[in-house]
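In terms of this note's numbering, the sequence shown has 58 at position 41, counting the first letter as 1, and numbering is strictly consecutive. Data first, discussion second: the structure below is written as structure tokens.
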Amino acid sequence: MNIAITDDDGYTEGVEILLSAAEEIGNAYAVLPDRQRSAVSVALTLHKPLRLNNVKKRIYTLNGNPADCTLFAIHSKELPKPDVIFSGINWGDNSGMSPLISSGTIGACWKAAIYKVPAIAFSVYRPYHRLGWEKKENWGREELKAAVLRVWKILKPKLKGGDFYVVNFPDEKHLAKAKIIFPKRRQWIRTYATIERREDPHGNAYYWLSGKSRKPEKGTDYYELAVKKNIVVTKVSLGKLI
């Protein structure tokens, strides 16, 4: 089985964890954006050349977006054509409705599903003060790897073209005892968008797009993740959208 890995954060510890897990499943490699590409959804690079760079064994970067990386793995013939796409591990969760249309991590899976390649997006919940793979105490490498392999055993027989799964892990200290849950619904608004107006030293206005977290609603993916500390899996089927 050929497994192509991508993400929207570039080359991170999360990618190395996912690659390590994937190598126990099959022939794995990573094609990653060459820089941070969060919240680019399914954006494609259509007006400039794509350039592939071999960073190290089995790890490549592309000067594009996560969806570009998915298409490159599937169509370029430069690398083994994937049987499945893994995207992540993203730092910060992708629970709720909004990430389905904004997340680059999930955007890579949308593109895979269009071409009937099964895909799984992996993310890990982090309180805001603990975001960032650069902080070593946040990695939880072995715990996350074991959790990926647990989820894979359950999802492998369910995978089919046109579908993808979104997996959100709780904070790594809860992973060993976490249940794998398939909630019936996503939280409608996970983060409420805000626009903050500021002024530069010359009196000119500029704006920051930000957001405020909402309370988890019982029965939702966000509640099971943030409150119950479970591993949360939701399914997206393209065939049900038309």
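Even glycine gets a Cβ: it sits at the ideal position worked out from N, Cα and C.
Quick one: using the 10 Å Cβ neighbour count with 16 as the cut-off for buried, is residue 53 buried or exposed?
exposed
Own chain residues within Cβ distance below 6 Å of residue 56, not counting five before or after:
119
Among 20, 121, 66 and 159, nearest to residue 30 - alpha-carbon criterion:
159
Just to confirm the assignment, what range does the alpha helix (DSSP H) spanning residue 46 have?
Careful: residue 46 lies outside any alpha helix (DSSP H), inside the beta strand (DSSP E) at 44-50.
I need the DSSP call for residue 169, collapsed to helix, strand or coil.
helix
Might you give, ordered along the chain, the residues of its own chain that have their beta carbon closer than 6 Å to the beta carbon of residue 233, omitting 5 neighbours on each side?
239, 240, 243 and 244
Kindly indicate which three-state DSSP category residue 176 falls into: helix, strand or coil?
coil
Please specify which runs of the alpha helix (DSSP H), each continuous and at least 4 residues long, are wholly inside the stretch 46-134, giving them in chain order.
83-92, 116-119 and 121-131
Check this for me: beta carbons of residue 38 and residue 75, under 8 Å apart or not?
no
Check for me: the beta strand (DSSP E) holding residue 239 runs from which residue to which?
Segment 238-243 is the alpha helix (DSSP H) holding residue 239; no beta strand (DSSP E) there.
Going by CA-CA distance only, name the one from 255, 196, 170 and 47 that's closest to residue 99.
47
Rounded to the nearest angstrom, what separates residue 146 and residue 250 at their Cα positions?
The predicted model places residue 146 with a pLDDT of 46, which falls under 50 and marks its position as unreliable; any figure quoted below should be read in that light. Rounded to the nearest angstrom, the two C-alpha atoms are 25 Å apart.
Which term fits residue 189, buried or exposed, when burial requires 16 or more other beta carbons within 10 angstroms of its beta carbon?
buried
Which residue's Cα is closest to the Cα of residue 254: 182, 248 and 224?
182
Residues near residue 132 by beta carbon distance below 6 Å, same chain, minus five either side:
91
Residue span of the alpha helix (DSSP H) that contains residue 31, given as start and end
30-39
How would you call residue 215, buried or exposed, if buried means at least 16 neighbouring beta carbons within 10 angstroms?
exposed
How should residue 71 be labelled, buried or exposed, when 16 other C-beta atoms within 10 angstroms of its C-beta is the threshold for buried?
exposed
As a quick exercise: from 101, 226 and 66, pick the residue whose alpha carbon is nearest that of residue 177.
101
Determine, using beta-carbon pairs with one atom in the stretch 224-233 and one in the stretch 205-214, whether at least three such pairs fall under 8 Å.
yes
Around the C-beta of residue 193, are 16 or more other C-beta atoms found within 10 angstroms, so that it is buried, or is it exposed?
exposed
Classification of residue 77 by the beta-carbon crowding that lies within 10 angstroms, buried from 16 upward
buried
Among 197, 186 and 162, which one has its Cα closest to the Cα of residue 171?
197
At a Cβ threshold of 8 Å, is residue 212 touching chain B?
Among the protein chains of the structure shown there is no chain B, as only one such chain exists.
Spatial neighbours of residue 87 within its chain, please: C-beta separation below 7 Å, excluding the five flanking residues on both sides.
23, 102, 125, 128 and 129
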